[in-house]
Every structure is written in C-alpha cells, then in structure tokens.
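Some notes on the structure that comes next.
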Amino acid sequence: MIPFDLRSPETGEPLKADTPHSLREAPSGARWPVIDGIPYLRTNRADLVEQTLKLLDAGEADLALEGLLADQDDWWTGPPADPLDLHELVRERDRRSLRDAVRLLGWGRVGDYFLHRWTDPTFLAGLTLLEAHWNDPVCVFEFACGIGHYLREFQTRGIKVAGADVVFAKLWVARHWVVGKPAQLVCFDANSPHWPIPGAPIDLVVCNDAFYFLDRKAEVLECLRQNAGDDGWLAVSHIHNSDRPGFSAGRAVSAAEIDELFPDGLVYDDADLTRSLVERRAPAPRKPQDLADCEAFSVVAGPGMRPAPRPVIDGITVPRPGRTLRLNPLYVAEGADRYTIRWPSERYEAEYAAQATYPVTFTGPDSFDWQGELEAPEADRVRDRTYVDLPERW
Numbered sequence: 001m002i003p004f005d006l007r008s009p010e011t012g013e014p015l016k017a018d019t020p021h022s023l024r025e026a027p028s029g030a031r032w033p034v035i036d037g038i039p040y041l042r043t044n045r046a047d048l049v050e051q052t053l054k055l056l057d058a059g060e061a062d063l064a065l066e067g068l069l070a071d072q073d074d075w076w077t078g079p080p081a082d083p084l085d086l087h088e089l090v091r092e093r094d095r096r097s098l099r100d101a102v103r104l105l106g107w108g109r110v111g112d113y114f115l116h117r118w119t120d121p122t123f124l125a126g127l128t129l130l131e132a133h134w135n136d137p138v139c140v141f142e143f144a145c146g147i148g149h150y151l152r153e154f155q156t157r158g159i160k161v162a163g164a165d166v167v168f169a170k171l172w173v174a175r176h177w178v179v180g181k182p183a184q185l186v187c188f189d190a191n192s193p194h195w196p197i198p199g200a201p202i203d204l205v206v207c208n209d210a211f212y213f214l215d216r217k218a219e220v221l222e223c224l225r226q227n228a229g230d231d232g233w234l235a236v237s238h239i240h241n242s243d244r245p246g247f248s249a250g251r252a253v254s255a256a257e258i259d260e261l262f263p264d265g266l267v268y269d270d271a272d273l274t275r276s277l278v279e280r281r282a283p284a285p286r287k288p289q290d291l292a293d294c295e296a297f298s299v300v301a302g303p304g305m306r307p308a309p310r311p312v313i314d315g316i317t318v319p320r321p322g323r324t325l326r327l328n329p330l331y332v333a334e335g336a337d338r339y340t341i342r343w344p345s346e347r348y349e350a351e352y353a354a355q356a357t358y359p360v361t362f363t364g365p366d367s368f369d370w371q372g373e374l375e376a377p378e379a380d381r382v383r384d385r386t387y388v389d390l391p392e393r394w
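Counting along the sequence shown from 1, when you hit position 390 you're at 390 in UniProt numbering, and nothing is skipped either side.
Listed below in structure tokens is the structure:
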C-alpha cells in the first residue's frame, strides 16, 4: 500500500486515524468517515458526512455504506439508485458478481462501459500509451480511477497502486470485485479547496478518460505533477477534443489548450494508439496543431517519462502468462464454438464499433490458458481482445 499523507480537503490539515471507521483533523477536530479502508473526503456533502459518521459510531456500518453508495458525481443524469437494491447489494456483496453490482447500483449505460472497459478501444489506447513509455514504476497513482481497470493491470505486475475517484461507489466496487485490499483508495472531489494527497511518493500518475471533465484543469494538473515529483511522469489519455463532437459530457479541450497545458508533453492521437497495439509498432507523437481533427488526445509528460516511444509488443498491453483468458463477453453464441458480437446498446456501438480491435464474428473455444507466447497462433486474438483477462467474479 502507498502511504498517503492524507490532508483535510477543506483546511489542508493532516488527517489521523480517530477510530477504525474515521479520520480526524487537528486542530478543528472535524471527522471524516472511512468504510472498507476508503476515506470519504468529499466537500459539499456535510449532511452525508455527518449522517455516515453517526451510523458508523452507532455500529450501523451497512446502513452507513448504503448511504455512501447512493452518492453520485455532479455529471450524473440518471435516476437515483433504488434503496432496496442497495440494501440487497450490501447484504449479498460476497456472493454477487460485478454484473450484479453494476445493475443493483443503477448505473445504466455507465455500467455497460464499466463492464466492457477491458476490451474497449480507449482503454487499449491508454495501455498502449503506458507501454510505449514504460520505465518499470514501483508506485502508481490513478486519478479518477473508476472501478480500477488500470489499477488491476498494474497489480498483476507487482506494482503498488493507489486510486482516487469522486464517486465512493466506484471505489467500493473496485475494492470488492477488481483490486482487493492491497490498493489504497481515496474518495475526494478535484474541486476541493485543498488537494488531500499532497507529496505522495509516486513514480507514475495516470488519468484516463476523465481529464476533460475537470473544471480547473491547470490547477489539478499541477497537483498531479506534484504527486509525480521530480522523477515521476504522467500519462493522461483519451482527452476529448472540443473541435470534434463526441458522445460524452464534460469540458473537452482544443489542440491549442493541450499545447498550453502540456508544454513538455508528447501528444498522440488516441485512435492511433489503439492501432499501434494491433499492429505491434511504436505509436507516433504529433504536434498538437497537427491533431486538430482527432477525436481525443493522449499525452505523456514529466521528467521521468521515457523520451521516445518504443514498439508495443510485450508489455502491459499483454496479459501476464499463466492467466486463464475468457472470450470477450460482447460475444454471444450462435452455435458450437461460433460467436457474434452483440453490443450492449446503440450508443456503445456508435461510439466503439468503428474502432473495435476484435472481429465481429469468431469461431473458437470460450476460454484458454495463456502462456505468454507472443508468436503463438492465439497471440493476435489476445492482443485484439477477442480473449480478455477478466476479474474472477466478473
């Protein structure tokens, strides 16, 4: 676990363990709840913090948890989670699958993206960006980590990981279905008056498919640079281009803004990163002004980054040997060992079908044991995510 020096998001004062389920700041004495080892440090949630602490102090941990699981970010437009569904999920969490959790949390189309993120082209673009500049980090922090897709990839390589997100439920799902107990997870809002994790000893800071949501991009980026320190580096992928209409909400940025935010950065077309993975080549960085028409940008920056991209062949884009790989769950059976892609929604298909790396139809077994042989006949099907390394309780 990475030893974060946690600070109050309101005052910047150090936070110390007060009880097994709370942190206290000095000198004010203000308290913040902790559930399943995840500190809840969201500002503008005073009533929820108070109610959660009251329930935790009274020994009603499950009821406190249900309250935090109902909390969403400010971009959420769906209906609130059904309290009865949350109660069922908390009671049955050790017996339910990730698919059950997503359904009971009421995440709708967002849940579709989380369940299939291991195979979507933007996730693969982020892995390609990392592999092209990989320098064997020991500690990795992911900002806006969601349910921990990238954190799991780092963990399988023996790396210490930490993640933060504004939605507690996503971190809780990461804890129980994706990354387990070793990961350090913290819930806070990037718009807080104070950054709750200053000076963390991080080699690599990652942010994927979230940077464009931020209001104070320059300020948050400076905090992330401080987390990376004098020797670390940043990988920020899938930043939506404001000059290209897209599917997601948020505050996209232009090529000129990318140039201003990352003067030391190497900038990529997100789609080219995905193609680089399948083609086993090094991705090509471009000048931001030459990428004005791309759908999304990806950037590496910082003193610790590898100065030139290397071919994407045998690193974090490929599962570790000894893993049992399962058929991409987007496939549905149409006969003995014959499968066809069925998209979870029209929106998902419209966003990802054109860039998908896996074939529309496939004939073969529904799983196999991967030995890591990159020239084996099945290696291309591993690379393009026809087969995927899913969590055990997917």
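C-beta: ideal position from N, C-alpha, C; glycine also.
Since the model is a prediction, treat every value here as computed from it, not as a measurement.
The Cβ-Cβ distance between tyrosine 387 and leucine 325 falls below 8 Å. For isoleucine 316, the three-state secondary structure derived from DSSP is coil. When DSSP states are grouped into helix, strand and coil, threonine 119 belongs to the helix group. Contact annotation: glycine 29 and glutamine 51 have beta-carbon atoms that are not nearer than 8 Å. Distances from the CA of glycine 59 to each of Thr19, Tyr113, Ala350 and Asp73 were compared; the closest alpha carbon is that of Thr19. Residue pairing by DSSP puts proline 39 in a beta bridge opposite Val34. By the beta-carbon neighbour count (other beta carbons within 10 angstroms, threshold 16), glycine 180 is exposed. Secondary structure of aspartate 269 (DSSP, three-state): strand. Residue burial annotation: lysine 160 is buried, with at least 16 other C-beta atoms found within 10 angstroms of its C-beta.
Closest option to arginine 175, judged by alpha-carbon separation, among Asp36, Val236, Arg91 and Phe362: Asp36. Contact between valine 102 and leucine 84 fails: their C-beta atoms lie close to 16 Å from each other, not under 8 Å. Setting aside the 5 residues that flank it on each side, glycine 146 is surrounded in the same chain by Phe114, Asp165 and Lys170, each with a C-beta closer than 7 Å to its C-beta; the list follows chain order.
Isoleucine 258: member of the alpha helix (DSSP H) spanning 255-261, first to last residue. Our two residues, alanine 235 and glutamate 13, have alpha carbons roughly 29 Å apart in a direct line. The beta carbon of glutamate 131 is closer than 6 Å to those of Val312, Gly315, Ile316 and Thr317 in its chain, skipping five residues each way along the sequence. The shortest C-alpha to C-alpha distance from alanine 252 to any of Gly126, Ile258 and Asn241 is the one to Asn241.
Taking the Cα positions, alanine 379 is about 8 Å away from glycine 372. If the five residues before and after leucine 374 are omitted, its C-beta is found closer than 8 Å to the C-beta atoms of Ile313, Asp314 and Val318, all from its own chain and listed in chain order. In summary, alanine 190 is buried, with 16 or more beta-carbon neighbours lying within 10 Å of its beta-carbon over all protein chains present. Secondary-structure assignment with DSSP links lysine 16 through a beta bridge to Arg24. Per DSSP, tryptophan 343 is not a residue of any beta strand (DSSP E), being assigned neither H nor E. In this structure, Arg152 is the residue among Leu204, Arg152, Gly78 and Arg225 with its C-alpha nearest to the C-alpha of alanine 183. Ranked by how close their Cα comes to the Cα of isoleucine 197, the residues Leu127, Ala162, Pro307 and Pro121 have Ala162 in first place. Taking C-beta atoms as the reference points, aspartate 62 and proline 137 fail to come closer than 8 Å. Counting only runs of 3 or more residues that sit fully inside the region 352-381, the beta strand (DSSP E) segments are 361-363 and 367-370, in chain order.
Around the C-beta of glycine 322, fewer than 16 other C-beta atoms lie within 10 Å, and the residue is accordingly described as exposed.
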